[in-house]
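Take a look at the structure set out below.
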Amino acid sequence: MKFTSAVAVVHASSSFDRAAGIVHLPSIDRGAEARASLNHTRPACLDEPTIVYSNGSNSTYECWRRQFPSFNVDMPNNQMDDCHAANVCFYIGNDIHTSATLPQSYFLGAENSRTVTFPWYQGRWPVWKRVDMEFGNVGLYYYTDGTCLDAYWQRDELKVHQWTCEFGNRNQWWRYSLHNSLQLFEHAVHTGWCLQTNGIGDNVQMIRCNWGIQEQQRRLYW
């Protein structure tokens, strides 16, 4: 397994302290190779005139669907490689290598439609993929189980969970960059609200954006 942050590549030889729940990520700058892996191409067919088919579907929707390839569930070690073959894929982490005051390192993932966090260890593959959505927006597709990160209002509380990916679902539109080494993940519709993790477990929230909160600071690894 190889991690690459937006500024560095981290190799599988990184040590993992299972008792402490910490993955130690040594930084190795790979320069042009790292930057090349960030290239993302919006499918050209999304910007072409929409053709309506006799079965009720249309060319734009079918183009969008091709961003979601299946993978071999019997070979989970290949999930990242398979995902990369389709487009840019990555892990989303908070780690003490770059944020030393955090108590431990962990990664964003999902279980049973819940958005969760867990420490890195062999056998868990929290692979995310950037996907293009309607009107030039982008989403976050959890390649490991085929759902999208989705924020929705329940009465007066903004919640976040995993949901079936939908081309025009405004709850699945996010603002993030593949080129920033440190960033907040702000919702594109519920503006001013950011994804916040709170340690390990089922405690991911949508909180008012604040750069001063380390639990809102995201790093991408690929």
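To convert, count from 1 in the sequence shown and add 18; that's this note's numbering.
C-beta atoms are modelled at their ideal positions from N, C-alpha and C, and glycine is treated no differently.
Remember, predicted model here, so these are calculated numbers, not experimental data.
Between residue 168 and residue 179, the C-beta gap is smaller than 8 Å, which places the two residues in contact.
The shortest CA-to-CA distance from residue 160 to any of 107, 192 and 69 is the one to 107.
Contact check for residue 143 and residue 110: beta-carbon distance about 13 Å, past the 8 Å limit, so the pair fails to qualify. Distance from the CA atom of residue 155 to the CA atom of residue 77, rounded to whole angstroms, is 18 Å. Residue 157 carries a strand assignment under DSSP once its states are collapsed to helix, strand and coil. In this structure, the alpha-carbon of residue 210 lies about 39 Å from that of residue 71.
Nearest to residue 82 by C-alpha distance, out of 185, 134 and 130, is 185.
In this structure, residue 235 lies away from residue 227, with their beta-carbon atoms at least 8 Å apart. Closest by C-alpha distance to residue 221, out of 183, 60, 128 and 138, is 128.
For residue 64, the secondary structure class from DSSP, reduced to helix, strand or coil, is helix. Collapsing the DSSP output to three states places residue 227 in coil. By the CB criterion at 8 Å, residue 134 and residue 217 fall outside the cutoff. Taking 8 Å as the cut-off, the Cβ atoms of residue 157 and residue 201 do not count as close. DSSP, read as helix, strand or coil, puts residue 83 in helix. Judged by DSSP secondary structure, residue 129 falls within the beta strand (DSSP E) whose first and last residues are 124 to 129. For residue 110, the uninterrupted beta strand (DSSP E) run begins and ends at 107 to 112, by DSSP. Nearest C-alpha to residue 199 among 240, 192, 206 and 175: 240. Residue 138 is classed as buried because its beta carbon has at least 16 other beta carbons within 10 Å across all chains shown.
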